[in-house]
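In this note's numbering, the protein residues as written are 6 to 321.
Here a beta-carbon is modelled for each residue, glycine too, at the ideal position from N, C-alpha and C.
Reviewing the structure listed below.
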Ligand code: ASP
């Protein structure tokens with residue numbers, strides 16, 4: 006089977022609807038790119054001559070940096086644009102920006118945008134391959150892939166595991182992408198959080214929903230904590246940060262409810278002392294920095310697969 010037939014898509018917009026074969030093919034490709042970042046010379050010629058544009062309309066540390074490093078380690082030319090220093094501040098529309106960038110012949114556009122659906126809108130209107138690097142509260146597919154990659158490395162499998170995703174599920178594109186991918190790969194997913202921070206369609210997404218964290222942690226193999234996304238809250242969702250941390254924060258006593266070999270994850274950035282006790286974040290069971298390392302390998306795999314596709318497409 007060719008890489009193309011395993012992942013027969015032009016873009017990576019979300020985990021919803023992506024089948025296990027396609028997702029696993031990306032995880033397996035990431036496995037083969039993982040060691041590149043640990044070598045003395047962290048570069049392979051795979052995407053020489055290709056161009057990747059990172060177009061970020063929202064703040065980012067890990068995602069933007071790792072897409073940039075991933076592209077550079079594949080020898081692609083990588084350009085970074087952040088909305089705050091682009092013509093977006095002069096009122097240029099997203100579509101005009103994309104059409105202008107497209108005129109410079111990029112192979113891949115990596116887009117982060119506060120509006121859910123923005124990458125899908127762009128994908129329908131450009132020749133470039135589009136990667137969703139986080140759209141509003143909708144999806145963050147490469148985060149789910151790097152999470153699955155990290156779980157698979159730590160546990161040796163994903164099927165049959167119980168994954169508790171805890172905290173501000175409502176605003177979390179990470180939780181949405183993860184529930185789709187983890188269920189596709191055979192894991193059981195639990196969502197736990199205050200009901201004010203639980204999406205109304207949580208059960209329809211296939212997760213078991215808990216309004217307290219303790220029962221969700223019981224017997225879990227993986228505990229994934231989510232950041233409280235204050236920037237997306239317009240009204241009052243929580244009585245206070247202190248009360249939230251007291252009732253929903255991950256501490257040693259709560260972690261003891263999970264399996265003794267459970268791993269702890271967080272997509273970052275963390276609110277230390279709010280959703281997670283710093284001693285747990287930095288503790289022996291934390292794989293939070295492994296997630297960050299996995300991010301480069303996973304994004305290399307995705308860029309490789311999509312840029313190869315774009316390259317193979319016949320010229321218009
Ligand atoms: N970095 C992740 C995201 O962009 C998670 C977060 O911001 O809390 O969705």
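query                                                                                                                                                                                               : result
Counting pairs of beta carbons, one from the stretch 162-170 and one from the stretch 184-201, are three or more of them closer than 8 angstroms?                                                   : yes
Would you be able to state if there are at least three C-beta pairs under 8 angstroms between the stretch 54-69 and the stretch 114-134?                                                            : yes
Can you have a look at residue 71 and say buried or exposed, based on whether 16 or more other CB atoms are within 10 angstroms of its CB?                                                          : buried
Look at the alpha carbon of residue 34 and the alpha carbon of residue 285, and state the distance between them as a whole number of angstroms.                                                     : 31 angstroms
Any heavy atom of the ligand NAD closer than 8 angstroms to the CB of residue 200?                                                                                                                  : The ligand NAD is absent from the structure shown, which contains only the ligand ASP.
Would you be able to state if there are at least three C-beta pairs under 8 angstroms between the stretch 203-218 and the stretch 156-164?                                                          : no
Below 8 angstroms, can you find three or more Cβ-Cβ pairs linking the stretch 89-98 to the stretch 36-54?                                                                                           : no
Please work out which residues of its chain come closer than 7 angstroms, Cβ to Cβ, to residue 47, disregarding the five sequence neighbours upstream and downstream, and give them in chain order. : 41, 78
For the ligand ASP, is there a heavy atom less than 8 angstroms away from the beta-carbon of residue 204?                                                                                           : no
What does the alpha-carbon distance come out to for the pair residue 240 and residue 202?                                                                                                           : 12 angstroms
Is residue 231 close to the ligand ASP? I mean its beta-carbon at under 8 angstroms from any heavy atom of the ligand.                                                                              : yes
So, using beta-carbon positions, are residue 21 and residue 178 closer together than 9 angstroms?                                                                                                   : no
State the DSSP-derived secondary structure class of residue 315, mapped to helix, strand or coil.                                                                                                   : Note that residue 315 scores 47 on pLDDT, short of 50, meaning its location in the model is unreliable and no value can be drawn from it.
Just verifying my parser: in three-state terms, what is the DSSP assignment at residue 138?                                                                                                         : strand
Less than 7 angstroms between C-beta atoms, sequence neighbours within five positions excluded: which residues of the same chain meet that for residue 119?                                         : 62, 63, 141
Which partner residues of residue 9 appear in the DSSP bridge assignment?                                                                                                                           : DSSP, once it has assigned bridges, lists no residue as partnering residue 9.
Under the assumption that residue 300 contacts residue 151 (Cβ atoms under 8 angstroms), give the Cβ distance between them as a whole number of angstroms.                                          : 5 angstroms
Locate the alpha helix (DSSP H) running through residue 193, then write down its first and last residues.                                                                                           : It is not in any alpha helix (DSSP H) - residue 193 instead sits in the beta strand (DSSP E) that spans 193-197.
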